[in-house]
């Protein structure tokens, strides 16, 4: 399955902006608490996929000892920065719509503000991929976008970004998935 031109623009855009993006990106206490709480709940020896890991923040750097983490991102430059930030992490350049991992490879998937770069029409492939690579009983932490993020931003990296305002409804209606344990946080910082 090849990449669409939009994702190629996003990849090139993040390659060009990687250093500036990493320097300017900030994460509030509440967002970090949600991420850390999720990671802590996984227990020792968990296998975690950080889908759209970027430069290694905020997820890769917070994975505890004994946890096997794999970061996946479209951008080569973001992955280069992640290598510096988290030297022990396994990093893979790839596309969330065609995850290059075996069935049941992970105990958890974290997608922190990364799925917004996948067109809504292609999100079923993303969530089907997450379900495929999760071991039985696996869990997903999905952060779509901060409050106030416009549903569609056509000018972001020329590729657009489409946020789902209510991911639980999308999962239920479009994918037929009933979130078991939905913990919605409306006020994650920019």
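In our numbering, the protein residues as written are 1 to 190.
Ideal Cβ positions, reconstructed from N, Cα and C, are used throughout, including at glycine.
Residue 72 holds the alpha-carbon nearest to the alpha-carbon of residue 93 among 102, 133, 72. Residue burial annotation: residue 100 is exposed, with fewer than 16 other C-beta atoms found within 10 angstroms of its C-beta. Burial state of residue 103 is exposed, judged by a 10 Å Cβ sphere holding fewer than 16 other Cβ atoms.
Between residue 34 and residue 48, the C-beta gap is not smaller than 8 Å, which leaves the two residues out of contact. For residue 46, the CB contacts under 7 Å within the same chain, skipping 5 residues up- and downstream, are 67, 107, 108 in chain order. Residue 51 and residue 82 have their C-alpha atoms some 13 Å from each other. Sequence-distant Cβ neighbours of residue 139 in its own chain, meaning closer than 6 Å and more than five residues away, are 108. Within a 10 Å sphere around the beta-carbon of residue 123 sit 16 or more other beta-carbons, which makes this residue buried. Bridge pairing for residue 108: 48, 139 [DSSP].
With respect to the 8 Å criterion, residue 115 and residue 74 are not classified as neighbours on the basis of their beta carbons. Look at residue 91 here: in three-state DSSP terms it is strand. Contact annotation: residue 32 and residue 58 have beta-carbon atoms nearer than 8 Å. Collapsing the DSSP output to three states places residue 56 in coil. The alpha carbon of residue 113 has as its nearest neighbour, out of 105, 96, 125, the alpha carbon of 96. Counting along the chain, the unbroken beta strand (DSSP E) around residue 72 starts and ends at 68-73.
The continuous alpha helix (DSSP H) containing residue 124 extends over residues 123-133. Of the candidates 54, 80, 110, 110 places its Cα closest to the Cα of residue 40.
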